[in-house]
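Note that my numbering gives residue 127 to position 120 of the sequence shown, counting from 1, and the numbers run on in steps of one.
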Amino acid sequence: IYPPGAFAKNGELVALAKVASRHGGIYISHVRGESFRVKEAITEAIDIGTQAALPVVIYHLKVAARPYWGTMGQVGALIQAARARGANVSACQYPYTAGGTGLAATLPGWAQEGGREKMLTRLRDPDLRARMRSEIETTIDGWENLIAGAGFEGIQIASVPDDQDQSVVGKRLADIAKQRNQDPWDTFFALLIDNEARVGALYHMMSEEDVRTAMKFPWVSVGTDSAAIEPEGLLGRGQPHPRSYGTFPRILGRYVRDEGVLPLPEAIRKMTSLAAEQLRIPERGLVREGFFADLVAFDPKTVIDTATFDKPQQYPAGIEYVIVNGAVTIDRGQHTGAQAGRALRGPGYRGGT
8 IYPPGAFAKN GELVALAKVA SRHGGIYISH VRGESFRVKE AITEAIDIGT
58 QAALPVVIYH LKVAARPYWG TMGQVGALIQ AARARGANVS ACQYPYTAGG
108 TGLAATLPGW AQEGGREKML TRLRDPDLRA RMRSEIETTI DGWENLIAGA
158 GFEGIQIASV PDDQDQSVVG KRLADIAKQR NQDPWDTFFA LLIDNEARVG
208 ALYHMMSEED VRTAMKFPWV SVGTDSAAIE PEGLLGRGQP HPRSYGTFPR
258 ILGRYVRDEG VLPLPEAIRK MTSLAAEQLR IPERGLVREG FFADLVAFDP
308 KTVIDTATFD KPQQYPAGIE YVIVNGAVTI DRGQHTGAQA GRALRGPGYR
358 GGT
């Protein structure tokens, strides 16, 4: 859904995927639509994988529009039917009802074309802003309309540049407009223009029912869809998505222990061996002699996420030990300072930088 990838035609993607296929690659796709066009977008990804003869991973499975809530079963059936035909297609998921991306991603593709400066030039033009608003209000076909999916009341500002007004961080766009006595559209465009479109946002636009349904599909692994951050320093700025801290313990505590959505062994498989299998990472994801020692010791009675949308920068509870490549990295809940991580290369890697 993001430029420049959004402008790539199906044939171009097939051609690129065929090259990846020759080197043992994977087509991991942030598909063209996760809301109003999710079925068409997933069908396209499956078709690309079939034509190029390589595995497909849908990154990340969701139904992100209120009018389509409750249809995850249909989406899953679409993928299951492809698997039954022999297609190697699977997906990953994070266990939240909100997504996260830039506020500029809400704009039609033509408004974003050519990079940030050209986009800002268009945003400063009243006539072009009026055109953008009209298309967002009336069009749900042909591009990923995040405002139609979430509404201004469902868009929460996650970050703005350090030298800009931080009072908007953590607030819903509809509430900011109300505080400013503005039309929400004027607030929306002002946030983009004043911050040179460098605005991060959370989009509350999925249902718990669909999250639980996707979680039960045996071919869906667990992924945070997040960068590595920490509460202190440069990486602790803004108000990020709580998935950065809570994804895995949230599943183990809430969805396994408290709600029984998954049995514990199945949840662990989705977090470990299934993910390694999807990414074709050898000698990881299982506790087996000769494999790399990546281990987590947690208390199934207490493990839980503590990060929330209002207070996301919080570590989980109940994780006592973490061992990375054989080095103890978390010891009784405290970081030891060990830095034993290493880059994981795909099957096509031939050395070099």
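Cβ coordinates follow ideal geometry from the N, Cα and C atoms, glycine included.
Spatial neighbours of G245 in its own chain (CB-CB distance under 7 Å, excluding positions within 5 residues in sequence) are listed in chain order as A165, S166, V176 and G207. In terms of CA proximity to S251, V229 leads the group V229, G12, G267 and R44. Around R187, the same chain offers T194 as residues with beta carbons nearer than 7 Å, after the five sequence neighbours per side are excluded. According to the DSSP assignment, G253 belongs to the alpha helix (DSSP H) that extends over R250 to R257.
Measuring C-alpha to C-alpha distances from Q81 to each of T220, T343 and Q321 identifies T220 as the nearest.
By the Cβ criterion, the stretch 290 to 298 is not in contact with the stretch 231 to 243, since fewer than three pairs of Cβ atoms, one from each stretch, lie closer than 8 Å. A Cβ-Cβ distance of about 18 Å is found for the pair Y328 and D312, leaving them out of contact under the 8 Å criterion. Three or more Cβ pairs closer than 8 Å define a contact, and the stretch 251 to 268 meets that threshold against the stretch 301 to 312.
Distance from A98 to I65 at the Cβ level is roughly 4 Å; contact confirmed, criterion being Cβ atoms closer than 8 Å. One Cα belongs to I288, the other to V96, and the distance between them is close to 17 Å. Boundaries of the beta strand (DSSP E) harbouring S36: Y34 to S36, taken from the DSSP string. Rounded to the nearest whole angstrom, the C-alpha separation of I200 and A111 is 10 Å. Judged by their CB atoms, S36 and V63 are nearer to each other than the 8 Å cut-off.
The beta carbon of P191 lies closer than 7 Å to those of F159, L180, A181 and A184 in the same chain, with the five residues before and after it left out. In the DSSP assignment, Q163 falls within the beta strand (DSSP E) that extends over I162 to S166. In this chain, the alpha helix (DSSP H) harbouring S28 covers N17 to R29. A straight-line Cα-Cα distance of about 33 Å links V38 and D172. Taking a contact as a CB-CB distance under 8 Å, the pair A52 and Y75 does not count as one, their CB atoms being some 18 Å apart. Assignment of beta-bridge partners to D338 by DSSP yields Y328 and Q341.
Pairing S42 with A72 gives a Cβ-Cβ distance under 8 Å.
Ranked by how close their Cα comes to the Cα of W226, the residues L269, P272, T336 and K277 have K277 in first place.
A straight line joining the alpha-carbon of A60 with that of V331 spans about 34 Å. For A98, the enclosing beta strand (DSSP E) begins and ends at V96 to Q100.
Straight-line measurement puts the Cα of R123 at about 15 Å from the Cα of P168. Its Cα nearest to that of L135, the residue F196 stands out among F196, G77 and D170. Beta-bridge partners of T108 (DSSP): A208. Here the C-alpha atom of L130 lies approximately 30 Å from the C-alpha atom of P249. In this chain, S42 is not harboured by any beta strand (DSSP E), its DSSP state being neither H nor E.
When the alpha-carbon of T128 is set against those of A334, A204 and V303, the nearest one is in A204. When DSSP assignments are scanned along the stretch 241 to 300, the uninterrupted stretches of alpha helix (DSSP H) that are 4 or more residues long and fall wholly within it turn out to be 250 to 257, 271 to 278 and 280 to 285. For the pair I147 and L114, the Cα-to-Cα distance works out to about 12 Å. Under a 10 Å Cβ-count criterion, F298 is classified as exposed, with fewer than 16 other Cβ atoms of the shown protein chains found around its own Cβ. Annotation for S228: the continuous beta strand (DSSP E) segment containing it runs V227 to V229. Annotated three-state conformation of A304 is strand, per DSSP. With a 10 Å radius around the Cβ and a threshold of 16 neighbouring Cβ atoms, G149 comes out exposed. Unbroken alpha helix (DSSP H) stretches of 4 residues or longer found wholly inside the stretch 115 to 170: 116 to 119, 123 to 130, 133 to 145 and 153 to 157, given in chain order.
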